[in-house]
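Accompanying notes for the structure given below.
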Amino acid sequence: MLCPFCLLDSSIEMREEERGGSANAPGRRVHYLACKECGSQIPRMYKEDYEICPPAIVSAVGFSQHGKSVYLSSLYRLMRSQDLVKQWKQYLTWPLNQDSLDRIRGSVKLLDACRLPAANPQVFPMPTLMQVKNVPNTPNSTLVLFDTAGEAFRDVDKIGMYANFVARADTILFFVSLANLTKGSESVELDDLMQTYVIGARELGTPPKSQSLCIVFTKSDRYADIYGKAWPGDQLYMTPGDEAYTTPYQVNTTTRKLTEFLDEHLKAKQFLANARDFFNSVHMTYVSALGQPPNSRNELDCAPRPCRMLDPILHVIRRQAHTRLGLIGKFMQAVEHNNWL
Ligand SMILES: Nc1nc2c(ncn2[C@@H]2O[C@H](COP(=O)(O)OP(=O)(O)OP(=O)(O)O)[C@@H](O)[C@H]2O)c(=O)[nH]1
Ligand SMILES: [Mg+2]
Ligand SMILES: [Zn+2]
2 MLCPFCLLDS SIEMREEERG GSANAPGRRV HYLACKECGS QIPRMYKEDY EICPPAIVSA
62 VGFSQHGKSV YLSSLYRLMR SQDLVKQWKQ YLTWPLNQDS LDRIRGSVKL LDACRLPAAN
122 PQVFPMPTLM QVKNVPNTPN STLVLFDTAG EAFRDVDKIG MYANFVARAD TILFFVSLAN
182 LTKGSESVEL DDLMQTYVIG ARELGTPPKS QSLCIVFTKS DRYADIYGKA WPGDQLYMTP
242 GDEAYTTPYQ VNTTTRKLTE FLDEHLKAKQ FLANARDFFN SVHMTYVSAL GQPPNSRNEL
302 DCAPRPCRML DPILHVIRRQ AHTRLGLIGK FMQAVEHNNW L
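Counting in the numbering used here, the sequence shown runs from 2 upward without gaps.
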């Protein structure tokens with residue numbers, strides 16, 4: 002079983018420990034499930050539902066200030082909102098441990114108060130664990146979401162220290178805010194991200210062509226102002242939940258248009274060539290976690306209006322399910338024209 006904390010294939014054992022004691026009074030003996038490799042406490046729901054809700058690792062890769070944490074906070078808020086419950090029949094989510102519940106609640110509370118998360122400290126992050134069930138056209142799964150300091154992706158050795166979760170993910174999400182790249186040298190900074198990531202991943206033992214890449218252009222609410230008509234992301238607002246019904250053709254069209262934009266407008270040929278060389282597939286999508294730029298105090302003037310937020314997550318879940326299918330399953334999926342990948 003894949004441990005969601007150390008991401009090793011590990012066995013789970015029952016352990017006993019004294020908790021809640023003090024110098025004068027003994028605590029209570031509690032039993033819990035633990036990973037044999039790293040000793041982390043494994044949520045019972047994770048173990049018991051492993052087959053019906055297998056893990057899908059969400060690896061947020063991207064430089065500092067490019068919008069990883071705001072995206073994940075806004076995603077938690079959306080995934081726990083009534084909007085999706087109304088839109089998708091029987092849809093539900095379950096945080097799997099106290100830490101995940103606290104993180105999700107904290108993110109929702111912050112955004113509801115029109116405030117934004119602080120920059121991540123450089124530490125190895127704890128994952129947020131959340132079961133997601135009954136999303137249309139998408140298998141049930143347990144999201145294992147990792148968010149770390151963007152500084153880790155400026156240095157190969159730091160990827161090994163603070164972001165080694167990337168080595169075990171089937172799909173990597175590259176969060177790129179074009180608004181944060183230096184105008185005129187966007188391609189140099191994009192090359193930097195790609196090359197540092199690939200060297201770091203190879204150092205961690207990730208073979209070429211074993212991962213797929215989804216490039217997520219964040220802060221898309223700004224691109225019409227910056228790039229005018231050259232920006233190809235024409236349909237930024239979409240009713241939350243409608244992402245589940247986009248066809249494979251629409252998904253591929255978005256990727257094609259964004260690829261052309263990178264290639265022709267930003268001259269990012271090297272970045273695209275490196276991506277195609279290392280990853281087994283490259284997809285692109287664009288999101289806005291807030292739907293508006295924050296004000297001068299870095300707060301929101303009105304509630305977030307997230308746009309196209311589910312595209313990347315649905316891609317990760319569907320891709321993970323596709324990887325698990327045998328050859329016959331993959332063939333059947335293609336025959337049924339049900340292949341989003
Ligand atoms: N216009 C706009 N700005 C955004 C959006 N999302 C994030 N921002 C801005 O970008 C800043 C940085 O976002 P974060 O999510 O904290 O960046 P990060 O990638 O997590 O940064 P590190 O934790 O340092 O790696 C935020 O404080 C906002 O000012 C968005 O959807 N639209
Ligand atoms: Mg962050
Ligand atoms: Zn472990």
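We treat Cβ as the ideally placed atom computed from N, Cα and C, and that holds for glycine. No experiment lies behind these values; they were computed from the predicted model shown.
Candidates ASP243, ASP171 and VAL177: closest to PRO209 by CA position: ASP171
The region 23-32 / the region 47-67 touching (three or more Cβ pairs under 8 Å): no
Beta-carbon proximity check, GLY68 vs THR219, cutoff 8 Å: yes
Within-8 Å CB hit, CYS115 to chain C: The question asks about chain C, but that chain is absent: this structure has only one protein chain.
Segment limits, alpha helix (DSSP H) that includes LYS48: 45-49
Proximity below 8 Å, CB of MET195 to CB of CYS308: no
Residue from ALA202, PRO305, GLU265 and LYS184 whose Cα sits closest to the Cα of ALA114: PRO305
Close-in-space but distant-in-sequence residues of the same chain around MET127 (CB under 7 Å, 5 per side omitted): ASP100
For PHE166 and SER60, believed in contact at Cβ under 8 Å, the rounded distance: Approximately 6 Å separates the beta-carbon atoms of SER60 and PHE166; this is inside 8 Å, confirming the contact.
Whole-angstrom distance between SER221 and LEU237, CA atom to CA atom: 7 Å
At least 3 beta-carbon pairs within less than 8 Å: the region 313-327 vs the region 138-147: yes
Three-state class that DSSP yields for HIS284 in the structure shown: strand
Continuous beta strand (DSSP E) assignments of at least 3 residues falling wholly in the region 208-291: 213-218 and 282-287
Continuous alpha helix (DSSP H) stretch holding GLN196: start and end: 187-204
Buried or exposed by the 16-neighbour rule on C-beta atoms within 10 Å, applied to PHE125: So PHE125 ends up on the exposed side.
Any non-hydrogen atom of ligand 2 within 7 Å of ASP148 CB: yes
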